[in-house]
Amino acid sequence: MSEVKRDISITGMTCAACANRVEKGLQRMDGIGSATVNFATEKAAVSFDNEKVDIQAIQEKIKSLGYDTVKEEADLQISGMTCAACSARIEKGLSRMEGVQLATVNLALETGKVEYDPSVINPSDLIAKIKNMGYDAELKSEIPEGTEDHRQKEIRHKTRLFYISAALSFPLLWTMFSHFSFTSWMPVPAWLMNPYVQWLLATPVQFVIGWMFYKGAFYALRNKSANMDVLVALGTSAAYFYSVYLVLIGSDHGLYFETSAVLITLILLGKVFEARAKGRSSDAIKKLMGLQPTMAIVEKDGEITEIPIGDVQIGDVLVIRPGSSIPVDAEVIAGESAVDESMLTGESLPVDKKVGDDVFAATVNSNGSLRVRAKKIGKDTVLSNIIRVVEEAQGSKAPIQRLADQISGIFVPIVVGIAVVTFLIWYFIASPGNFAEALTAMIAVLVIACPCALGLATPTSIMAGSGRAAEQGVLFKTAEAMEQTKAVDTVVLDKTGTITKGIPEVTDFLVSEDADRQQLIAYAAAAESDSEHPVAKAITSFGLNEVEKLPADEQFEAIPGHGIRSVIEGSTVLMGTRKLLADQGIDLNVDIAEVEKLENEGKTVMYMAVDGKHVATIAVADTLKETSKQAILELRDMGLDVIMLTGDQERTAKAIAAEAGIDHVIAGVLPERKAEVVASLQAEGKRVAMVGDGINDAPALAVADIGMAMGTGTAVAMEAADVTLMHGDLLRVADTIRMSRLTVRNIKQNLFWALAYNTVGIPIAAVGFLAPWVAGAAMAFSSVSVVLNALRLQRVKLR
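In terms of my numbering, the sequence shown has 296 at position 295, counting the first letter as 1, and numbering is strictly consecutive.
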């Protein structure tokens, strides 16, 4: 058991009974060692096994009991970390601080997220703690806009150091040609073989270029831990100081100045490559940020002016010219055009926009000119929310990373122990008294074992995978959601707005043999034009698409529960149920079998009579989205059980399910019971993904193992979900599960190769088959290869 103790501030308790209720609720949780709640101080002292339960689950439990926890979040930019041991050490150091509830540090992004109780601690205390551990940190919110990306500065700084180090190390590398018989034919200047010249060249590399390793090692050891810096400092110092000792006693043989200098140079080169590759893994966010224009064309008092986007206010009227990017979220008030929304939804085809439609920041106006009214600006736009979700997902930690963190925490001390044992075996057994060979083997072990690749294995894959998914219109809220999605075996689909369009449409317009179809469509559309009923709107919309102009509705009367009566061009038009016509003594002129067929297909059937004669039968239904059938087929081909969950009556539900290719239907479910149905499926051992778009889907989305909200749905549904599908298309569900599977597979590949590299490399180095400089090159390559493997996810084509 890995026991952790936390003090959690609680709000909303009104009496001692409340405190007792929270205390009992926490004590019943699996993994809780003890829980004591003090009503007077409004604090809970909790000890728990963090391998079974985490602080977030405890906070959610308190919320489920009707109370809330006091917490604020600090987003930090952290620099100076070199390996997974560094990030693990910062996490532990912060987590031990009073008032800190949760600390997560991402090595690949060089960021930290800390949840803390503001009544106990503040962000400046967190930053001071990180600096005391030998790193640097600042609040992201306090970094001025326009400040150069710290990673670019780091890349330039390390590149300069590498060039200097390479220039000083190359002459020392040249001297190695004299060490081997197969390179003895290459001339080596005599002055390079002078031990004092070698000492002079190696010293600035060791103590100026390599100062970063000494500094990191000092702080690590001061905080009673060890990291990559300790290994590098130990290995290169052993080679350097042993060489200095030989020079001082007058020996010019067996010097290792080139070993220490070349090692530092190669490790630095690996760091440069690694920093550049890590920069590429967050390209998705940079691309999204780069989409938004910096200027906007605003119309005020009849004058058109260009202003910075930051000066745009809600309600401003903006002019969007053909080919230009839309600067803010807005509503079209004039003009028509096609807008390319691929950067938000992943959908390649432009979307037609007309008056009343919404347009979004960073989408591109294709052909027509638009006038729009600003609705959301700055951090409230859809694009800004996408960037925030992607950043949070990339900065969060997947459960699979716990293995790497646990290994990294004990890895370096074990390696130092192995290196010491290697030295002793060589010096006393393998090659008695041969200090040089024992030292070489020990240095090779220290260098080959640096756990950089292990620390990068998970976060780089999460960054690349979530970034690529975002570009395709799939937003994972957390790394945990990205990992857990691959385990889904059951997909529960809401019907209305998810499988179907959510808008009724006329599917059949059957007329008598002697009737004028176009005229009847015009009459029906005109008659229903004054009604607000969804079915009436569907008939009016159908008519507007079928005929050029609708006649005037001269007299309109609603007949509640039955239909309408209207007068058009002097004719009396009745539209409604079979009973409406029967009450008026009008006989139906229709094939009853055909009507029953329409009703069995889940369609609403209406009847139309003109001047006392039944002339048309109209069927209206909420039709399938164009891609629903293909999407459900793909999900079934992936081995997933697909279930439709709806509040509709069973006959309608089964008709839609049959058309979509779904075998399992749960119909007649009230909104409040949807979550219970999902929970019952989970009780059967199923891993459930719930897909929905409405407010009534939110509880089920929250209960499901993975909640997927359609981006075309309500904000409440998207807030409750783990994944948002920006394009209201079921094909994205299969894409989401595929992306999760590919990302988790990529993480496992990285972890395997990182662990295999160290597992195989250490014994090879220990038996003397690896020269230290080769071990250094291999160590650098391992980190870069892990990052490059993760970057393969950026080329995944989902659709």
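Idealized CB from N, CA, C, for every residue including glycine.
| message | Helix, strand or coil for residue 271? Go by DSSP, reduced to three states. | response | For the purposes of this step, residue 271 is identified with residue 270 of the sequence shown, where counting begins at 1. Reduced to three states, the DSSP call for residue 271 is helix.
| task | Starting from the C-beta of residue 650, find all residues in its chain whose C-beta is less than 7 Å away, skip the five residues before and the five after it, and write them out in chain order. | result | On the sequence shown, residue 650 is found 649 positions in, with the first residue counted as 1. Cβ within range, chain order: 668, 669.
| said: Quick test of the definition: if touching needs 3 or more C-beta pairs under 8 Å, does the region 750-760 touch the region 645-659? | reply: no
| message | Pop quiz: residue 458 and residue 748 are said to be a contact at Cβ under 8 Å. What is the actual Cβ separation, rounded to whole angstroms? | response | Translated into the one-based positions of the sequence shown, residue 458 becomes position 457. Translated into the one-based positions of the sequence shown, residue 748 becomes position 747. Between residue 748 and residue 458 the Cβ distance is about 6 Å, and since that is below 8 Å, they are a contact.
| query | Identify the residues that DSSP records as bridge partners of residue 455: which are they? | reply | Residue 455 sits at position 454 when you count from the first residue of the sequence shown. Residue 455 pairs with nothing; no bridge assigned.
| field | Option in 707, 500, 421 with minimal Cα separation from residue 486 | value | Position 485 of the sequence shown holds residue 486. The candidate whose alpha carbon is nearest that of residue 486 is 707.
| Under the three-state DSSP convention, the category residue 770 falls into | Position 769 of the sequence shown holds residue 770. It is coil, neither helix nor strand.
| Per-residue DSSP class, three states only, for residue 559 | Position 558 of the sequence shown holds residue 559. Strand at residue 559.
| request: My understanding is that residue 297 touches residue 319, with C-beta atoms under 8 Å, so please give their C-beta distance in whole angstroms. | output: In the sequence shown, the residue the question calls residue 297 occupies position 296. In the sequence shown, the residue the question calls residue 319 occupies position 318. The Cβ separation is near 6 Å, so the contact holds.
| So, helix, strand or coil for residue 109, using DSSP? | Numbered from 1 along the sequence shown, position 108 holds the residue referred to as residue 109. Coil.
| request: Under 7 Å Cβ to Cβ from residue 333, same chain only, skipping five residues before and after it: list those, please. | output: For this step, residue 333 is matched to residue 332 along the sequence shown. 354, 355, 356, 357, 358, 360, 371, 373.
| message | Using a Cβ-Cβ cutoff of less than 8 Å, which residues in the same chain neighbour residue 305 once the five nearest sequence positions on both sides are dropped? | response | As a working mapping, residue 305 is identified with position 304 in the sequence shown. Around residue 305: 298, 299, 320.
| request: Check whether the Cβ atoms of residue 232 and residue 413 lie closer than 8 Å to each other. | output: In the sequence shown, residue 232 corresponds to position 231, counting from 1. In the sequence shown, residue 413 corresponds to position 412, counting from 1. Yes, these two residues count as a Cβ contact at 8 Å.
| field | Contacting residues, own chain, Cβ-Cβ under 7 Å from residue 315 (five flanking each side not counted) | value | For the purposes of this step, residue 315 is taken as the residue at position 314 of the sequence shown. Excluding residues within five positions, the ones whose Cβ falls inside 7 Å are 375, 376, 378.
| query | In three-state DSSP terms, what is residue 158? | reply | Stepping through the sequence shown from its first residue, residue 158 is reached at position 157. It is helical.
| query | How would you label residue 550, buried or exposed, when you count the other beta carbons within 10 angstroms and need 16 or more for buried? | reply | On the sequence shown, residue 550 is found 549 positions in, with the first residue counted as 1. Residue 550 should be labelled exposed.
| Is the region 484-504 touching the region 678-694 in the sense that three or more CB pairs, one from each, lie closer than 8 Å? | yes
| field | Within the region 624-693, ranges of the alpha helix (DSSP H) (whole runs, at least 4 residues) | value | 629-638, 651-661, 675-684
| query | In or out: residue 679 buried (at least 16 other Cβ within 10 Å) or exposed? | reply | Taking the sequence shown and counting its residues from 1, the one referred to as residue 679 is at position 678. With 16 or more other Cβ atoms within 10 Å, it is buried.
| query | Mapping DSSP to helix, strand and coil, what is residue 47? | reply | On the sequence shown, residue 47 is found 46 positions in, with the first residue counted as 1. DSSP places residue 47 in strand when its eight states are reduced to three.
| field | Span of the beta strand (DSSP E), counted from its first residue to its last, around residue 606 | value | Along the sequence shown, read from residue 1 onward, the residue named residue 606 stands at position 605. 605-611 is the span of the beta strand (DSSP E), which, as asked, contains residue 606.
| said: What residue range does the beta strand (DSSP E) around residue 78 cover? | reply: Numbered from 1 along the sequence shown, position 77 holds the residue referred to as residue 78. First-last of the beta strand (DSSP E) with residue 78: 73-80.
| request: Give a yes or no on whether the C-beta atoms belonging to residue 27 and residue 5 are separated by under 8 Å. | output: Position 26 of the sequence shown, counted from the first residue, corresponds to residue 27. Position 4 of the sequence shown, counted from the first residue, corresponds to residue 5. No. Outside cutoff.
| request: Would you check if the region 137-144 and the region 209-229 touch, i.e. whether three or more CB-CB distances between them fall below 8 Å? | output: no
| query | Based on the DSSP output, what are the partners of residue 215 in its beta bridges? | reply | Indexing the sequence shown from 1 puts residue 215 at position 214. Answer by DSSP bridge pairing: none, since residue 215 is not bridged.
| query | Under the three-state reduction of DSSP, which class applies to residue 570: helix, strand or coil? | reply | In the sequence shown, counting from the first residue as 1, residue 570 sits at position 569. Coil at residue 570, not helix or strand.
| query | Count the other CB atoms within 10 Å of the CB of residue 70; is the residue buried (16 or more) or exposed (fewer)? | reply | Within the sequence shown, the letter at position 69 stands for residue 70. Under this definition residue 70 is a buried residue.
| field | Beta-ladder partner(s) of residue 300, from DSSP | value | If you number the sequence shown from 1, residue 300 lands on position 299. Paired residues: 305, 318.
| Where the alpha helix (DSSP H) containing residue 436 begins and where it ends | In the sequence shown, counting from the first residue as 1, residue 436 sits at position 435. 436-449 is the extent of the alpha helix (DSSP H) around residue 436.
| message | Does the structure place the region 437-455 close enough to the region 70-89 that three or more beta carbon pairs sit under 8 Å? | response | yes
| query | Which two residues bound the contiguous beta strand (DSSP E) that contains residue 726? | reply | Locating residue 726 in the sequence shown gives position 725, where the first residue counts as 1. Residues 724-726.
| message | Would you call the region 726-733 in contact with the region 434-453, where contact means no fewer than 3 C-beta pairs closer than 8 Å? | response | no
| request: Identify which residue in 100, 10, 63, 792 has its Cα closest to the Cα of residue 463. | output: As a first step, residue 463 must be located in the sequence shown, where it is residue number 462. Among 100, 10, 63, 792, the Cα nearest to that of residue 463 belongs to 792.
| Residue from 577, 699, 60, 496 with nearest C-alpha to residue 621 | Residue numbering aside, residue 621 sits at position 620 when the sequence shown is read from its first letter. Here the closest residue by C-alpha is 577.
| task | Check residue 196 in the structure and name its three-state DSSP category. | result | Residue mapping note: residue 196 aligns to position 195 of the sequence shown, counting from 1. Here residue 196 sits in helix by DSSP.
| Nearest-angstrom beta carbon gap, residue 241 and residue 207 [assumed within contact, 8 Å] | Translated into positions along the sequence shown, residue 207 becomes position 206. Translated into positions along the sequence shown, residue 241 becomes position 240. With a Cβ gap of about 5 Å, residue 207 and residue 241 count as contacting.
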